[in-house]
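2 protein chains.
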Amino acid sequence: MLSELNVPRRILLGPGPSEVGPRVLRAMSTPLVGHLDPSFVALMEEVKDLLRQTFRTANRLTFPLSATGSAGMEAVLVNLLEPGDHAVICVNGVFGGRMVEIARRAGAEVTTVEVPWGEVVDADHLRKTLAGLPANAPLRLVASVHAETSTGARQPLEELSRIAHERGALFVVDTVTSLGGAPVEVDAWGIDASYSGTQKCLSCPPGLSPVTFGEAALARVRARKHKVQSWYLDVGLLEQYWGTDRVYHHTAPITMVYALYESLRAVHEEGLDARFARHVKHHRALVAGLEALGLALPVAAQHRLPMLNAVLVPDGVDEGGVRRRLLERHGIEIGAGLGPWKGKVWRIGLMGDSSTPANVLLVLAALAEALGSAAAGAALGAAEQVLAAD
Amino acid sequence: MLSELNVPRRILLGPGPSEVGPRVLRAMSTPLVGHLDPSFVALMEEVKDLLRQTFRTANRLTFPLSATGSAGMEAVLVNLLEPGDHAVICVNGVFGGRMVEIARRAGAEVTTVEVPWGEVVDADHLRKTLAGLPANAPLRLVASVHAETSTGARQPLEELSRIAHERGALFVVDTVTSLGGAPVEVDAWGIDASYSGTQKCLSCPPGLSPVTFGEAALARVRARKHKVQSWYLDVGLLEQYWGTDRVYHHTAPITMVYALYESLRAVHEEGLDARFARHVKHHRALVAGLEALGLALPVAAQHRLPMLNAVLVPDGVDEGGVRRRLLERHGIEIGAGLGPWKGKVWRIGLMGDSSTPANVLLVLAALAEALGSAAAGAALGAAEQVLAAD
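For the record, the sequence lines run as chains L and W. Just so it is clear: in the first sequence, position 50 is 50 by the numbering used here, and no numbers are missing. Just so it is clear: in the second sequence, position 231 is 231 by the numbering used here, and no numbers are missing.
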């Protein structure tokens, strides 16, 4: 016989999942109601409304898709793209690359705007790429990752959005890692469709993907010549299930919706602006400490994300050994590099409930120890100075 | 400000979700580890092994897909079918019809074997359908729903499997409602691929879809000419994530996997055979009581599922009114009819933890009250007689 579930205590400072607070964990142990129960229908409405506030959008079709963030990416792309459509996708890390792969599987002709990992796409680069497309190419969308989790770079979006719209294309944004941790202004920035995840700055377990579709995006879906290739992700069907009709489609992950409700309540009790400021402050404290340890970040300061920090592994240091020491000695998870950055960076996440002064100090102290650094005191002092400032 | 999550207490006797026991709910409030944590990797192996025991298969590729049962259906079909492939799908309710829709979206030519709702497909019917296909049609698979949740009929599978294999086709089975509640013999019955759900007889919240692929099915996937249209559901990629390589694909819903582990432990502590016998006994007790109330079941006795009972609404009775009365007065959820059976049947589920003597008596008593029946005592007596038997 296998033993009762018995998992170690971890402090989650990687690229997600982030720490999940007691009130959200408690929500997950709530006995279930049916997914068509009047009380669940009412809860779905409240979750939709909370997500609209979080995405800062009035989009009617805003709901948590019943799968993880990558399925949200797929849902947005396969609903908006048909075979033969053109898509322009900005790529500066893993997740832009994933969008390319998914768009191509949907039959789209994809043109990429590629910049080196850690950098962000310049508006002129996009403008030139669009100018180079055949004038009659049916350009359906321009897509970008807002917070590239593989590098820790934040892509400015407003100008990209304007350029996409000037060309008559929809503007699609991956907000998996940014939502709830940095400003995401779906309406103000003219984002036509976006998808996120629950396990990053919302501090909810993974399992749902908040998505939002504006009216222009929905008009595109309605004008499709072919059915969406995915039945599970078909927004026309999901709209009826999550809309006022409540037409049975699938069985929503009830418990996950409970958890998301409670995590979104926590987000809005704190307030989005206060939450963003908290992420920035702890990020700055972490960076001050890392620099005092002699560690460098590969992303230029003005493009750094507040919730995900890539840190260069110094020459001669065993990247995996340091991560293992943090995990085994202290129960601290930090992330490894992906793709071309494998073995070259660590990724330290301070997302949602993980973004605390205690975690800033802890990860600095643990890194100093693992690296055998004599600068532990200086690092903690540098971090404390930022933390103590108003 | 919205109030803390506050949902009513329900007794779940509908088509799913079923009741989730305290140990599984408790598992869901466990603080998370990362999805690449060594402890989670070990847990994934244990869950895969427990699922193999539940499906009664040695299939290496057996794992919980990170979405609900309908996504499991889509995963199996879109991996095995390519545009132009032929598929033969048995249809006797909603879920067979859903398979047809998904297979067509995958570009397959679908031939249906249709029988009226509540009936099951006869082997000769399938044989004739296959004989009527063009001899050179690339028939990739024959698919059937084992336990049709919309009707409560159980499809015998062994002969269908033989017939499919004789024609060189794979045999695909929907075991969403049967797994853990009635025998599912993936290896002994020659099932090449199957998908299930967590929220039926496994008594785990909805959110994952246990799937299993045999070697013949995987060989088909490897021989594909085109990439699988869905990146999220691509078995080639999922195999690397759930296999020994642990290649990052998406972030598994960690908490749901905790819950599934604990629910599968409970399944195997009880023992599959004991569990099946429990479902049968409580089903028989329920039916005895329903008949004493003068209620009839639309499915022939030999084809009835033990975990899902369709019950004909007597003439002149307000179908929705009875369901509402059960819900509002007693907190009992039973299901409505779907499609052509809308307004004509109730669906009473006794799945997993919901299959108890107490729930049999309770739903009979509540139905008798709602119907104003004078036969309540007789119904309870008839049920008790079955429950008391060895």
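Just so you know, even glycine gets a beta-carbon here, dropped at the ideal spot from N, CA and C.
- Taking the Cα positions, Val235(L) is about 20 angstroms away from Val228(W).
- Within chain L, the residues Val33 and Ser39 have their CB atoms less than 7 angstroms from the CB of Pro8(W), given in chain order.
- Taking the Cα positions, Asp187(W) is about 11 angstroms away from Glu215(W).
- Only those residues of the segment 304-334 of chain L whose C-beta falls short of 8 angstroms from the nearest C-beta of chain W are listed: Leu327 and Glu333.
- With fewer than 16 other CB atoms across the displayed protein chains lying within 10 angstroms of its CB, Asn136(W) is exposed.
- Counting only Cβ-Cβ distances below 9 angstroms, Ser70(L) has contacts in chain W at Ser66, Trp231, Tyr232, His249, His250 and Thr251, in chain order.
- Against chain L, a Cβ distance below 9 angstroms from Val20(W) picks out Pro31, Leu32 and Thr255.
- Leu338(L) reaches chain W at Tyr248, counting residues in chain order whose Cβ is nearer than 9 angstroms.
- Taking the Cα positions, Arg56(L) is about 12 angstroms away from Ala193(L).
- With respect to Ala169(L), Leu139(L) sits close: the two C-beta atoms are nearer than 8 angstroms.
- Only Lys227, Val228, Gln229 and Ser230 from the segment 217-230 of chain W bring a Cβ to less than 8 angstroms from some Cβ of chain L.
- With contacts defined by Cβ atoms closer than 8 angstroms, Arg246(W) and Val41(W) form a contacting pair.
- Out of Ser203(W), Ile163(W) and Asp174(W), the CA that lies nearest to the CA of Ser196(W) is found in Asp174(W).
- Annotation: Leu80(W) to Ser144(W) spans about 15 angstroms, alpha carbon to alpha carbon.
- Rounded to whole angstroms, the Cβ separation of Ser70(W) and His35(L) is 12 angstroms, and the two are not in contact under 8 angstroms.
- At a Cβ-Cβ threshold of 8 angstroms, Leu25(W) and Ser66(L) do not count as neighbours.
- Looking at the DSSP output, Glu148(L) shares a beta bridge with Ala153(L).
- As DSSP reads the structure, Gly335(W) sits in a beta bridge with Arg347(W).
- Looking from the CA of Val33(L), the closest CA among Asp318(L), Val257(L) and Ala366(L) belongs to Val257(L).
- The distance from the Cβ of Arg154(W) to that of His303(W) is about 6 angstroms, consistent with a contact at the 8 angstroms cut-off.
- Among the CB atoms of chain W, one or more fall inside 8 angstroms of the CB of Leu5(L).
- The beta-carbon separation of Thr62(W) and Leu77(W), rounded to 18 angstroms, does not stay under the 8 angstroms limit for a contact.
- At a beta-carbon threshold of 7 angstroms, the residues of chain L lying near Gln199(W) are Thr251, ordered along the chain.
- Close CB contacts of Ser39(L) within its chain, under the 6 angstroms cut and outside five residues either way in sequence, are with Val33 (chain order).
- The residues Ala106, Gly107, Ala108 and His226, in chain order, have a CB closer than 8 angstroms to that of Pro83(W) in the same chain once the five nearest residues on each side in sequence are set aside.
- For Tyr195(L), no CB of chain W lies under 8 angstroms from its own CB, so it is not counted at the interface with that chain.
- For Gly180(L), there are no neighbours in chain W by C-beta distance under 7 angstroms, as the nearest C-beta there is about 16 angstroms away.
- If you draw a straight line from the Cα of Ala365(W) to the Cα of Ile11(W), it comes to about 14 angstroms.
- For Met44(W), the number of other beta carbons within 10 angstroms of its own is at least 16, and it is reported as buried.
- A Cβ of chain L is located within less than 8 angstroms of the beta carbon of Gly16(W).
- A direct Cα-to-Cα measurement between Gly372(W) and Ile191(W) gives close to 46 angstroms.
- Looking at the DSSP output, Asn309(L) shares a beta bridge with Ile348(L).
- Per DSSP, the continuous beta strand (DSSP E) segment holding Val110(L) begins and ends at Glu109 to Glu114.
- At a cut-off of 8 angstroms, the C-beta of Ile89(W) has no neighbouring C-beta in chain L.
- Within a 10 Å sphere around the beta-carbon of Arg222(L) sit fewer than 16 other beta-carbons, which makes this residue exposed.
- Straight-line spacing of the CA atoms in Val172(L) and Arg127(L) works out to 16 angstroms.
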